[in-house]
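Okay, so here's the structure we're looking at.
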Amino acid sequence: IVMTQSPLSLPVSLGDQASISCRSSQSLVHSNGNTYLHWYLQKPGQSPKLLIYKVSNRFSGVPDRFSGSGSGTDFTLKISRVEAEDLGVYFCSQSTHVPPTFGGGTKLEIKRADAAPTVSGHSCFL
Numbered sequence: 001i002v003m004t005q006s007p008l009s010l011p012v013s014l015g016d017q018a019s020i021s022c023r024s025s026q027s028l029v030h031s032n033g034n035t036y037l038h039w040y041l042q043k044p045g046q047s048p049k050l051l052i053y054k055v056s057n058r059f060s061g062v063p064d065r066f067s068g069s070g071s072g073t074d075f076t077l078k079i080s081r082v083e084a085e086d087l088g089v090y091f092c093s094q095s096t097h098v099p100p101t102f103g104g105g106t107k108l109e110i111k112r113a114d115a116a117p118t119v120s121g122h123s124c125f126l
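Each residue of the sequence shown is one higher than the one before, counting from 1 in UniProt numbering.
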């Protein structure tokens, strides 16, 4: 199963709402009726931490500003008010089908006031 996330990079200002999309190449509805689509956050130097399991269930200790939705092949993670501790790379993952697979990741980062193309190409093209 191929998991496709968008966008690859999501520049935000603190307090903004952020939305990340995840699409699967096949339906993630299991024969038992459950949908095993999960969201993880990986911070620099750390292993991924589970945020949301089975589409919309927040893992223990995850703030309610995180919410998950979707069905079938299309899923969304929303952060209602981005805080500094939310920055990192977000991954969707499916475990309906074997083997489990992950999306390519979405990097949530602070929007730079001077973000603009540079000659070296290091800045994001907005």
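Yeah, the Cβ is synthetic: ideal placement off N, Cα and C, and Gly gets one too.
Judged by their CB atoms, L77 and S93 are not nearer to each other than the 9 Å cut-off. In this chain, the beta strand (DSSP E) harbouring D74 covers 74 to 79. Y53 is bridged by DSSP to N57. Sequence-distant partners of D16 (beyond 5 residues in either direction) whose C-beta falls short of 7 Å from its own C-beta, in its chain, are V82. In summary, A84 is exposed, with fewer than 16 beta-carbon neighbours lying within 10 Å of its beta-carbon over all protein chains present. Less than 9 Å separates the beta-carbon of F75 from that of L28.
DSSP places P99 outside any beta strand (DSSP E), giving it a letter other than H or E.
Taking a 10 Å sphere around the C-beta of D86, we find 16 or more other C-beta atoms and assign the residue as buried.
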